[in-house]
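Working notes, structure below.
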Amino acid sequence: MYNKLTNIIEACQKGDRASQKQLYTLFSARLYGVCLRYSNNEEDAKDLLQEGFIKIFKNIKQYNHTGSFEGWMRKIVVNTALERFRKNTRSLTIDNEDYMDSLQLNYEHVLEELAYKDLMKMVQELSDQYRIVFNLYVIEGFSHKEIGQKLNIGESTSKSNLSRARELLKEKIRKQYKTKSTGKVI
Amino acid sequence: MYFDNNKNIDDYFKKGLKDYSQVPEDAVWGNIERQLSEEKKLKQLFFYKVAAGLLIFIGLANFLAFEVSYFSGSEKNLASMNLNEELQNSIENQKVEKYSPGDYNVNNDNQLIASDVSIPQNILSDQDIQSQMAAIEEKGEERNLLRDQRSLSKMTALDVKLANKTKEPDFTELRNQPFFNKSKIPTREFSLSNNTVQNSQQRGNLFSLSGSFSPIMSYRSTKMKTSNSTMPKEKSMLSYSGGMNVGYSIGDRLTLRTGIHYAKLGQSLNSVEVSSDSYGMDGETTVINVASSMGPGQIKTNSLMQQGETEETPKYITHDNSVLPEFTIEPALYQTFEMMKLPFILEYRLLDERFNISVIGGVNANLLVNEGIYMEQAESTKRIGSTKELSKLSYSGTFGIGLNYDVSEKAQLFMEPSFDYYITSLSSDNSYQTFPYYFGFFSGVSISF
Chain S
34 MYNKLTNIIE ACQKGDRASQ KQLYTLFSAR LYGVCLRYSN NEEDAKDLLQ
84 EGFIKIFKNI KQYNHTGSFE GWMRKIVVNT ALERFRKNTR SLTIDNEDYM
134 DSLQLNYEHV LEELAYKDLM KMVQELSDQY RIVFNLYVIE GFSHKEIGQK
184 LNIGESTSKS NLSRARELLK EKIRKQYKTK STGKVI
Chain Z
432 MYFDNNKNID DYFKKGLKDY SQVPEDAVWG NIERQLSEEK KLKQLFFYKV
482 AAGLLIFIGL ANFLAFEVSY FSGSEKNLAS MNLNEELQNS IENQKVEKYS
532 PGDYNVNNDN QLIASDVSIP QNILSDQDIQ SQMAAIEEKG EERNLLRDQR
582 SLSKMTALDV KLANKTKEPD FTELRNQPFF NKSKIPTREF SLSNNTVQNS
632 QQRGNLFSLS GSFSPIMSYR STKMKTSNST MPKEKSMLSY SGGMNVGYSI
682 GDRLTLRTGI HYAKLGQSLN SVEVSSDSYG MDGETTVINV ASSMGPGQIK
732 TNSLMQQGET EETPKYITHD NSVLPEFTIE PALYQTFEMM KLPFILEYRL
782 LDERFNISVI GGVNANLLVN EGIYMEQAES TKRIGSTKEL SKLSYSGTFG
832 IGLNYDVSEK AQLFMEPSFD YYITSLSSDN SYQTFPYYFG FFSGVSISF
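Residue numbers (this note's numbering), protein chains in the order written: chain S, 34 to 219; chain Z, 432 to 880.
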C-alpha cells in the first residue's frame, strides 16, 4: 500500500491524470467527511472538496514524503475551508444570547440511537463561526490562541463561541431524542 | 452517561466525526478534471503568448533594423563590388555631372516632372547594380558577403571612396524653384551621398539589445572573524536571475555591455538550533536570533507559530501555543537577498563565424532591494524573519563564456555559462566577511541595430 501510494504521489507530481484520479478515489471519501464538517450543506461541501483537491494537485510537488500524506491533504482542505470562511465573513460576532444552563440530562440512550450522519447534520446546522471554532478546537485540536490567529478573533471570543456551540449541540441532541422517543421525559 | 462536562461531548463528537467519510458524487471528479484541464490549457496558452510575443519582438526588431539601414542593400551591393576588380574599375571610371534645372521638364501646372528626368547612365541605377551583382553571384561571392555582416565594416573605406567619386545630383537650385514638386524627385539618388553612406555605416550593428534569463545556484564563501558553534548548517540555494542588456561595439570583436539585471541570491539554513539565549526583542516583537555567515538573522516568533496552518503542528509549539525555550527548526529556512545588478561587461569574440564563441568579464554594482528569511509551507513560502546589517550596495565580478548563434543578420541566440563573485562583503558588519557567488547558465536573444 505504501509503495503504491508513493508511486501514485510521484505520478501525480508529474501531472499524470490517471494517477490523480486514483488519488481522488483513495481519499475523496475521507476528505469529503472533512468538507462536510466545515460546510452547512452538501453542495458547499462538494465545492470545498473540489477546491481542496485542485490545491492538492497544484501543490503536490511540495510534498516531500515526510509525515502523513493524508494529514498533509487534510490540512490543505481545512485551510481551504478557513479561507472560504474568512472570505465570506465580513465581521465575526458572537451570539449575545444568554447561555443555556448546563443540562443535566441522561444522554446514554440518545447517543446510542444517533447515527454519525445525525451528528454531522447537527454540526452543519451550527452557524459558520460556531461550526468552524468547534471543528478546529474539538476535532483538529487547535488551541483557542491558534484559532484566534487563524480567524482573526480574540481568544476569549473563540472560547465563548465554543461554549455556545457545545450548548447548541446539547440542545439539538435533546430535541433529536425527544423526536425519536415521543412522550419520554428526559 | 451525562454531558456534565465539556470533555464528554467533545469526545463524543470527535469520535463520531473525526474519521467520518462519505463518498461524494461522481460529478465532483468530473468538475475537478475539467478544472485541471482548463488550467493546463491556460498555462499552455500563456506559453504560446510568450513565444508569440518573443517572435513578434524579434520580427519587429529585425524589421526596424532593416528600416534603419534602408539603403543597406545598396551599400552591400556597392561593397560587394570591392572584390570584383573589374567592377571596381568601372565604378572608378564613372563620373557624374551636376544637374541643373534645365535638365528637367515642366508640365502645364508648373510642376517638375521627375519621370522626365533622364538619369545619366554613369550614375548607378538599380538595373546596373542588379546586373553587376548577378555577375558577382556567379562567382559565388555574394552569399558569403551578405551573410557576414562584419565584412561590410571592412569595406567602409571603399564605400566612402565610391561615394566620393559619385557625385549626388544637386537639387539645391531646383528646390528653390516655385514649380518644385518634392514628391516627384526620385529619392534613391540621395543614397549615394557621402553623409548617408557614412551615417549608415556608423549606425550598422553598433548597438545590440539583449534579454536573458537563467536559473542560478548561489552560495557564499566566508572569512568570518568570529566563529559560532550554534551556526546552522548552510547549503547552496537554487533561484533565478534575468535582465536586459544594451551592447555597444567598440571594435571588430569587442563589445561593451550594460543594462539592468535582477538576481535572487541566498542559501538554505538547515536545523536551526534555538536556545533560551536566542530570544530577544525587536521593538515590541519577540524574536529569535539566528546566527548565519551572511549576518545576524532575526525570526519573529509570531510568524513561526503560524506555520502550523499548513504543516503538521511543529514540535516546538506547545499545547498552550507557546514556543519551547529550546528546540530545532526542522524545515530548512531560506535566507535570500534580491539584487538589482548594473553590469559593466566586456565581451570579446574569439571566432568571427555564424557560430561564435566569446569570453566575457566585468564588474557589477549590486543594489540590495529586498531580503528575508523564508520558510516553506505546503502552499507557499512565507517570510518569517530578516537578516540584519546588510550593505545596500556591493560589487561583484563576472566571468563567463558566450556561445552565440546568428539566426539572422540582426538576431542572435546565445547561451552564457557565467560565474558571478562578490568582491565586497554583503554584510556591513566587519566581523562578517562573507562573499556571495552564483553560477548561472544564461540564455537569451540579442538584436543588433
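All residues carry an ideal CB built from backbone N, CA and C; glycine is no exception.
is_contact[residue i, chain Z] using C-beta, thresh 9 Å
i               : result
V110 of chain S : no
K33 of chain S  : Any question about residue 33 of chain S goes unanswered here, given that chain S covers just 34 to 219.
Y95 of chain S  : According to the sequence displayed, residue 95 of chain S carries Gln and not Tyr. With 9 Å as the cut-off, Q95 of chain S counts as an interface residue toward chain Z.
Y163 of chain S : no
K79 of chain S  : yes
Q83 of chain S  : yes
F102 of chain S : no
F118 of chain S : no
I172 of chain S : yes
G16 of chain S  : In this structure chain S extends from 34 to 219, so residue 16 of chain S is not present and cannot be described.
G48 of chain S  : yes
K208 of chain S : no
R197 of chain S : no
S160 of chain S : no
K205 of chain S : no
L152 of chain S : yes
Cα-Cα separation, residue i to residue j
i               : j               : result
I719 of chain Z : Y765 of chain Z : 15 Å
I854 of chain Z : G828 of chain Z : 7 Å
N797 of chain Z : G674 of chain Z : 13 Å
L700 of chain Z : Y163 of chain S : 40 Å
T716 of chain Z : K154 of chain S : 43 Å
V885 of chain Z : F768 of chain Z : Nothing can be reported for residue 885 of chain Z, as the shown portion of chain Z is limited to 432 through 880.
I463 of chain Z : I87 of chain S  : 7 Å
Q95 of chain S  : S811 of chain Z : 9 Å
A483 of chain Z : Y693 of chain Z : 24 Å
E188 of chain S : A198 of chain S : 15 Å
I815 of chain Z : C68 of chain S  : 30 Å
T759 of chain Z : S709 of chain Z : 12 Å
N85 of chain S  : R465 of chain Z : In the sequence as presented, Asn is not what sits at residue 85 of chain S; that position holds Gly. Whole-angstrom Cα-Cα distance: 15 Å.
L125 of chain S : Q843 of chain Z : Any reading at L125 of chain S must be qualified, since the residue scores a pLDDT of 41, below 50, and its modelled position is unreliable; no value is offered.
Q453 of chain Z : L195 of chain S : 26 Å
K471 of chain Z : L38 of chain S  : 24 Å
L184 of chain S : L169 of chain S : 10 Å
S879 of chain Z : G682 of chain Z : 15 Å
Paired residues, beta bridge with residue i - DSSP
i               : result
Q162 of chain S : According to DSSP, which records beta bridges pairwise, Q162 of chain S is partnered with nothing at all.
Y693 of chain Z : Z:G673 and Z:M771
K664 of chain Z : Z:N701
Q843 of chain Z : Z:D837 and Z:S877
F638 of chain Z : Z:Y679
I186 of chain S : Looking at the DSSP assignment, I186 of chain S forms no beta bridge with any residue, so it has no partner.
A796 of chain Z : Z:L773 and Z:Y826
Q766 of chain Z : Z:Q698 and Z:I804
M712 of chain Z : Z:T717
Cβ separation of residue i and residue j, assumed to be a contact under 8 Å, to the nearest whole Å
i               : j               : result
F873 of chain Z : S645 of chain Z : 4 Å
C45 of chain S  : I93 of chain S  : 5 Å
V705 of chain Z : E757 of chain Z : 6 Å
F850 of chain Z : G875 of chain Z : No, F850 of chain Z and G875 of chain Z are not in contact; Cβ-Cβ is about 17 Å, not under 8 Å.
Y679 of chain Z : L637 of chain Z : 6 Å
P774 of chain Z : N787 of chain Z : Not really, about 20 Å apart at Cβ, beyond 8 Å.
Test: residue i CB closer than 9 Å to a CB of chain S
i               : result
S645 of chain Z : no
V794 of chain Z : no
K471 of chain Z : yes
G726 of chain Z : no
N437 of chain Z : yes
F502 of chain Z : In this predicted model, F502 of chain Z has a pLDDT of only 47, less than 50, meaning its place in the structure is not dependable enough to derive any value.
N630 of chain Z : Residue confidence for N630 of chain Z is low, a pLDDT of 44 falling below 50, so the modelled location carries little weight; the figure read from the coordinates is stated next. So no, N630 of chain Z is outside the interface.
G447 of chain Z : yes
I815 of chain Z : no
L669 of chain Z : no
With 16 other Cβ atoms within 10 Å as the buried cut-off, status of residue i
i               : result
Y443 of chain Z : buried
G803 of chain Z : buried
E76 of chain S  : exposed
Q475 of chain Z : exposed
M712 of chain Z : exposed
I206 of chain S : buried
T113 of chain S : buried
R651 of chain Z : buried
V481 of chain Z : exposed
V790 of chain Z : exposed
T818 of chain Z : buried
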